[in-house]
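Quick notes on the structure that follows.
In my numbering, the protein residues as written are 1 to 178.
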């Protein structure tokens with residue numbers, strides 16, 4: 001089982017990256033490819049820039065998706081939507097191939113320091129990713145990251161920990177089936 005994992009953030013101290021690290025530690029994957037969005041910097045998408053060609057970084061992202069059997073993504077929420085770093089990669093990649101996520105099973109996550117838990121960005125992704133080949137198996141929102149996550153032990157509240165473990169198991173099942 002090959003899993004592509006990334007946080008939808010370019011912050012070196014991303015709480016979403018910490019959540020991704022925790023989730024991939026729960027997966028018995030043969031191979032996990034952890035992407036750093038900082039390795040995919042490219043000009044901000046515009047139709048005029050597209051006329052001059054596509055950045056290699058956008059194709060590199062699509063190639064990583066193609067190699068994977070499943071995708072674990074924790075989306076950072078900026079003003080209720082995607083971070084600029086993720087959105088730009090998504091925009092460029094979708095111009096090369098509309099099926100960005102190639103129908104791979106996806107486990108979508110989000111966390112935030114506040115009580116919303118990134119639910120706005122999860123809602124946006126659930127609404128748009130299926131139009132771009134997103135096969136969303138499960139979603140998970142972790143609110144109040146500073147209080148609900150421990151770097152050594154993971155998710156603190158039992159009910160949230162159990163919910164995540166159940167969703168990871170369902171995701172793993174779908175990856176094996178596909």
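Quick reminder that beta carbons are idealized off the backbone N, C-alpha and C, glycines included.
Quick check on the DSSP output: the beta strand (DSSP E) that includes residue 47 runs from which residue to which? Run containing residue 47: none in the beta strand (DSSP E); it sits in the alpha helix (DSSP H), 47-50.
Minimum C-alpha distance to residue 97 - residue among 113, 133, 12, 117: Per the C-alpha coordinates, the member of 113, 133, 12, 117 positioned closest to residue 97 is 133.
In this structure, what does DSSP give as the bridge partners for residue 149? Its beta-bridge partners are 155.
Selection from 122, 2, 18 that minimises the alpha carbon distance to residue 148: Ranking the options by Cα distance to residue 148, first place goes to 18.
Limits of the alpha helix (DSSP H) - the one that residue 104 falls within: Boundaries cannot be given for residue 104, as no alpha helix (DSSP H) includes it and DSSP labels it neither H nor E.
Ignore the nearest five residues each way along the sequence and tell me which others in residue 116's own chain have a CB closer than 7 Å to its CB. Here residue 116 has 143 as same chain residues with Cβ atoms under 7 Å from its own Cβ, once five neighbours each way along the sequence are excluded.
To the nearest angstrom, how far is it from the Cα of residue 130 to the Cα of residue 136? Distance between the alpha carbons of residue 130 and residue 136: 7 Å.
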